[in-house]
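J.: For the sequence shown, our numbering assigns the number 3 to the initial residue and increments by one for each residue that follows.
For every residue, glycine included, the Cβ atom is placed at its ideal position computed from N, Cα and C.
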Amino acid sequence: MAPLWLHRLFPCIFGDASTQITRNQHSAYPDFDLNATHTNNKQQAALNSQTSFPKDYNIVIPVEPKRTRRADVAANPLPSYIFRDLPWSAQRILAVFEAGLNLSGEHGVVDAFNSLRQRRFKVWIDNSHRLKPVTKFGIRQTILQLLLLAQATGCDMEFLFMSQSNTQSKNLSEASRVKAETLEELWVTTNWEDAKELVARSSVLTKMGLQMWIEKNSTASKQQGNQQTTADGPSAPQKSDNRVITQETDAERHLRLLNHVRDLKAEFWQGYDQTELDMMKLTRLHKAAIKQASQQPKSLNSVSFTYHRETGVYKRMMERKEDAMPTTVLILTGSPLQPTESHAIQEFQKDNDVKAPKTCGKGTKEVIEGEGTQFCISTLALDQYMDKASIRCYADVDDHFKGGEDINDLILVNDSRLVQYGLSEKSWLKLLNAHNQAIDDMKFKKDEKYGREPLIVDGKASSTMPSLADVKMLFGQGDEEDDEDEEDEEGGSN
Numbered sequence: 003m004a005p006l007w008l009h010r011l012f013p014c015i016f017g018d019a020s021t022q023i024t025r026n027q028h029s030a031y032p033d034f035d036l037n038a039t040h041t042n043n044k045q046q047a048a049l050n051s052q053t054s055f056p057k058d059y060n061i062v063i064p065v066e067p068k069r070t071r072r073a074d075v076a077a078n079p080l081p082s083y084i085f086r087d088l089p090w091s092a093q094r095i096l097a098v099f100e101a102g103l104n105l106s107g108e109h110g111v112v113d114a115f116n117s118l119r120q121r122r123f124k125v126w127i128d129n130s131h132r133l134k135p136v137t138k139f140g141i142r143q144t145i146l147q148l149l150l151l152a153q154a155t156g157c158d159m160e161f162l163f164m165s166q167s168n169t170q171s172k173n174l175s176e177a178s179r180v181k182a183e184t185l186e187e188l189w190v191t192t193n194w195e196d197a198k199e200l201v202a203r204s205s206v207l208t209k210m211g212l213q214m215w216i217e218k219n220s221t222a223s224k225q226q227g228n229q230q231t232t233a234d235g236p237s238a239p240q241k242s243d244n245r246v247i248t249q250e251t252d253a254e255r256h257l258r259l260l261n262h263v264r265d266l267k268a269e270f271w272q273g274y275d276q277t278e279l280d281m282m283k284l285t286r287l288h289k290a291a292i293k294q295a296s297q298q299p300k301s302l303n304s305v306s307f308t309y310h311r312e313t314g315v316y317k318r319m320m321e322r323k324e325d326a327m328p329t330t331v332l333i334l335t336g337s338p339l340q341p342t343e344s345h346a347i348q349e350f351q352k353d354n355d356v357k358a359p360k361t362c363g364k365g366t367k368e369v370i371e372g373e374g375t376q377f378c379i380s381t382l383a384l385d386q387y388m389d390k391a392s393i394r395c396y397a398d399v400d401d402h403f404k405g406g407e408d409i410n411d412l413i414l415v416n417d418s419r420l421v422q423y424g425l426s427e428k429s430w431l432k433l434l435n436a437h438n439q440a441i442d443d444m445k446f447k448k449d450e451k452y453g454r455e456p457l458i459v460d461g462k463a464s465s466t467m468p469s470l471a472d473v474k475m476l477f478g479q480g481d482e483e484d485d486e487d488e489e490d491e492e493g494g495s496n
């Protein structure tokens with residue numbers, strides 16, 4: 003790899019150093035870095051300084067005003083100037099939402115956001131600490147808008163972080179919570195010896211079979227003689243020069259353990275329902291999740307794991323038939339995808355056909371296929387700091403299936419332009435309606451992915467979100483509790 007200064011001076015020739023595939027990646031686990039170490043604050047600041055994005059950029063969350071009642075909205079149509087007193091960026095976000103509401107009849111949909119009322123949405127957030135600041139803000143800006151849309155429409159939406167579970171979720175029993183928290187402790191170990199010690203003194207991990215796993219994998223390579231043991235069994239010995247490598251290193255064992263632990267964590271993985279969030283809390287959770295991700299630097303990202311997990315989850319729901327509600331999985335990521343990961347996703351989805359009626363019993367085909375796709379994965383990939391090979395890997399997943407078999411959709415956006423302009427109404431249409439084949443096949447003309455006017459003007463290093471009350475007003479929603487109170491008062495006066 004060329005020196006860092008060459009990458010920075012001649013990015014067109016040498017590429018952005020941040021996108022180069024690390025040489026420390028283990029071929030069997032491309033989403034882990036074998037020799038990664040913790041990055042201190044000074045090192046992280048140096049990495050962040052490699053981008054021109056303002057380091058003091060922030061997203062302003064407004065104080066919620068008193069909500070407008072639904073009855074008032076219904077009786078008085080909104081005048082065109084209603085939002086003119088709001089900060090410019092809030093006006094522009096609302097203008098895009100309004101344009102999305104006016105996409106009536108586009109590919110047969112009521113509007114860009116109607117699917118929020120009809121489907122379950124699971125929003126997976128890439129919280130990798132390795133992402134550039136502009137990428138993190140692009141993701142944060144988008145999930146805050148998703149939260150506003152979900153709360154304005156009453157959507158069944160859950161927000162999940164790719165490398166951090168909500169161990170305090172009410173959906174976990176006390177026993178499951180203890181297991182989840184203990185697995186998190188094991189996940190952040192930095193080496194094989196520390197992991198062994200933690201497992202040895204933890205009755206919870208022992209009961210989960212991890213002590214047996216440790217013992218088996220501590221002695222496996224010795225027992226195999228001149229054969230190397232992998233996670234799937236023995237394989238032919240590896241040759242290096244004139245030597246035969248017969249022993250797996252402790253670092254490699256630790257990598258396999260982390261991969262195994264992540265699989266175990268999946269059973270207890272929980273997110274946050276939109277009803278328990280507001281914009282301030284979601285912002286805090288996002289920041290905390292990024293900080294937590296840095297505690298295990300060997301984990302590069304969990305994008306591939308998320309594709310596998312959600313496909314498997316919906317497959318199990320289909321087998322129970324009555325649980326297979328229409329579901330859209332949104333993946334917001336700025337992390338690269340490797341060829342081995344892309345291929346594995348395609349093969350896994352092929353082997354676990356979530357639209358195959360034969361797995362769901364008689365008469366299920368109509369239930370599963372219905373109008374559009376019952377299950378889909380819609381990915382918003384921020385690609386400014388991805389190399390071409392990684393972008394191609396995402397596109398390969400998107401293009402692998404065709405017609406009624408296609409459950410994947412992809413929108414590629416430039417990180418800086420996303421922060422500066424936000425998504426356009428057509429991008430929202432595509433992102434939220436990937437289950438509709440005509441929308442899945444949509445192609446964008448130049449700059450159609452982004453808002454028409456910038457959110458950030460006059461050199462400011464911040465943008466202001468609209469309030470939930472303003473978004474509800476735009477969507478013709480009010481405070482139902484206020485309406486009920488008003489009805490009670492009128493009833494009491496008679």
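With DSSP as the reference, label residue 395 as helix, strand or coil.
T.: helix
J.: When burial is assigned at 16 or more other CB atoms within 10 Å of the CB, is residue 251 buried or exposed?
T.: The Cβ neighbour count for residue 251, taken over all protein chains shown within 10 Å, is under 16; the residue is labelled exposed.
J.: Quick one: Cα of residue 120 to Cα of residue 479, how far?
T.: 17 Å
J.: Have a look at residue 551 and residue 167 and give me their C-alpha separation to the nearest angstrom.
T.: Since the displayed the chain opens at 3 and closes at 496, residue 551 lies outside it and no answer follows.
J.: Do residue 469 and the ligand GDP come close, with the Cβ less than 8 Å from some heavy atom?
T.: Inclusion of the ligand GDP in the displayed structure is not the case, the ligand content being empty and no account of it being possible.
J.: Taking 8 Å as the threshold, find out whether the segment 406-415 comes into contact with the segment 84-99 through three or more Cβ pairs.
T.: no
J.: Do residue 64 and residue 466 have their beta-carbon atoms positioned less than 9 Å apart in this structure?
T.: yes
J.: Between which two residues does the beta strand (DSSP E) containing residue 264 stretch?
T.: It is not in any beta strand (DSSP E) - residue 264 instead sits in the alpha helix (DSSP H) that spans 252-267.
J.: CB residue 90 to CB residue 457, shorter than 9 Å?
T.: yes
J.: Go ahead and pull the three-state DSSP assignment for residue 316.
T.: helix
J.: For a test of the three-state rule: what should DSSP assign to residue 333, helix, strand or coil?
T.: strand
J.: When we look at the beta-carbon of residue 249 and count the other beta-carbons within 10 Å, is it buried (16 or more) or exposed?
T.: Exposed, because fewer than 16 other Cβ atoms sit within 10 Å of the Cβ of residue 249.
J.: Taking all protein chains shown into account, do 16 or more other C-beta atoms lie within 10 angstroms of the C-beta of residue 219, making it buried, or fewer, making it exposed?
T.: buried
J.: State buried or exposed for residue 265, treating a residue as buried only when at least 16 other CB atoms are found within 10 Å of its CB.
T.: Result: exposed.
J.: Going by beta-carbon coordinates alone, are residue 340 and residue 403 separated by less than 9 Å?
T.: no
J.: Rank 276, 114 and 185 by C-alpha distance to the C-alpha of residue 209 and give the top, closest one.
T.: 185
J.: Give, in chain order, every unbroken run of the alpha helix (DSSP H) that is at least 4 residues long and sits entirely within the segment 85-154.
T.: 90-103
J.: Would you check if the distance between the CB atom of residue 303 and the CB atom of residue 164 is smaller than 9 Å?
T.: yes
J.: Does residue 97 have its Cβ less than 9 Å from a Cβ in chain D?
T.: Of the protein chains in this structure there is only one, and it is not chain D.
J.: For the segment 327-344 and the segment 187-202, state whether three or more C-beta atom pairs, one from each stretch, are separated by less than 8 Å.
T.: no
J.: Buried or exposed: residue 392, going by 16 or more other Cβ atoms within 10 Å of its Cβ?
T.: buried
J.: Check the DSSP bridge columns for residue 457 and list the partner residues they point to.
T.: Paired residue(s): none; residue 457 is not in a bridge.
J.: On a Cα-Cα basis, can you pick out the residue from 439, 462, 460 and 414 that is closest to residue 446?
T.: It is 414.
J.: Do residue 581 and residue 124 have their C-beta atoms within less than 9 Å of each other?
T.: Given a span of 3 to 496 for the chain in the structure shown, any question on residue 581 remains unanswerable.
J.: Using 8 Å as the cut-off, can you tell me whether the segment 122-140 makes contact with the segment 293-307, which would need three or more C-beta pairs spanning the two stretches below that distance?
T.: yes
J.: If you run the structure through DSSP and keep just helix, strand and coil, what is residue 377?
T.: strand
J.: Would you say the segment 105-118 touches the segment 274-292, given that touching needs at least three Cβ pairs under 8 Å?
T.: no
J.: Smallest Cα separation from residue 386: which of 192, 378, 335 and 177?
T.: 335
J.: Is the Cβ-Cβ distance between residue 113 and residue 102 less than 9 Å?
T.: yes
J.: Cα separation between residue 144 and residue 396?
T.: Distance between the alpha carbons of residue 144 and residue 396: 20 Å.
J.: Helix or strand or just coil, what does DSSP make of residue 304?
T.: It is coil, neither helix nor strand.
J.: Excluding the 5 residues preceding and the 5 following residue 137 in the sequence, name in chain order all residues of the same chain whose CB lies nearer than 8 Å to its CB.
T.: 336, 384, 386, 387 and 417
J.: Per DSSP, residue 1 is paired with what?
T.: Only positions 3 to 496 of the chain appear in the structure, and residue 1 is not among them; the question remains open.
J.: In chain order, what residues of the same chain lie with their CB nearer than 6 Å to the CB of residue 178, ignoring the 5 residues before and after it?
T.: 270
J.: Looking at the strands, I want to know which residues DSSP matches up with residue 160.
T.: 124 and 275
J.: Please report the distance separating the alpha-carbon of residue 273 from that of residue 142.
T.: 16 Å
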